[in-house]
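K.L.:
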Amino acid sequence: MDFTQVFRVLAYVIPGFIGYQLYRGAYPVKRVSDTVVVLWSLIHTLIILVAFGFLSWLFNIHRLNFFARPPETLGWKSAALLIVSGFLYGGLLSGLHWLRQRFNLWMPDPLSIWAKVNLQKEGYWTLVRLKEGGICSMGWVSDYAFDPDSEDQDFLLRDARCVDENLQVKYFVAGLGVYLNTRDVQAIEYIHAEE
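Numbering (my numbering) for the sequence shown: 1 to 195.
Below, the structure is given as structure tokens:
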């Protein structure tokens, strides 16, 4: 397999991969295998190529129809167009998901409560009460794991501080924050920042 063949294969996989990863970055879901990522990338690339075929038919621009073009005509401009379309497609997927969340009365969102709460983290402090020792940590959830198949989830508190029962600060945590797992947590409270 020479460079041009590798280039053509990658040019047809990368747009779907970019779109898929942008969407997964904006709306985390459980971890998937590399095989599943490649398959979804191919499916999303196929959707992008069908959209180009439709635009080609609609506006009578034959060079946009990647199905009708011989593979050897795929050049750098076409590859760049496919890559840009991957970014646009990822933005479109994220935008459609955002719209779906805004109209959740008509279309309920399938995300778990853990993911929903942590996606809406602006303006809220997170108070974490641990099972052992009555230790309380308070901060912002800056990163979290979401795997529906896992019983416990990891998360990271930024600007963390150890507080007592009256929410008086005992000390500030220096560094990246506090890494926690839900298996060690008794309760998590989300407090509006103005309280």
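Each residue gets a CB set at the ideal place from its N, CA and C atoms; glycine is no exception.
None of the values given here were measured: they were computed from a predicted structure.
(1) Where does Val32 sit, in a helix, a strand or coil, going by DSSP?
(2) Where does Leu157 fall in DSSP's three states?
(3) To the nearest angstrom, how far is it from the Cα of Ile43 to the Cα of Ala160?
(4) Going by C-alpha distance, which of Trp40, Ser33 and Leu64 is nearest Tyr23?
(5) By Cβ distance, which residues of its chain are closer than 7 Å to Ile191, with the 5 residues on each side in sequence left out?
(6) Which same chain residues end up closer than 6 Å to Phe17 when comparing Cβ atoms and leaving out the 5 residues on each side of it in sequence?
(7) Could you tell me the alpha carbon to alpha carbon distance between Leu49 and Leu88, rounded to whole angstroms?
(8) Pick out whichever of Asp147, Arg183 and Ile47 has its Cα sitting closest to the Cα of Leu92.
(9) Closest to Asp143 by C-alpha separation, out of Leu130, Gly134 and Asn181, would be which residue?
P.N.:
On the basis of the data shown:
(1) coil
(2) Strand, per DSSP.
(3) 42 Å
(4) Trp40
(5) Sequence-distant partners of Ile191 (beyond 5 residues in either direction) whose C-beta falls short of 7 Å from its own C-beta, in its chain, are Tyr124, Trp125 and Leu127.
(6) Ser41
(7) 13 Å
(8) Ranked by how close their Cα comes to the Cα of Leu92, the residues Asp147, Arg183 and Ile47 have Ile47 in first place.
(9) Ranking Leu130, Gly134 and Asn181 by Cα distance to Asp143 puts Asn181 first.
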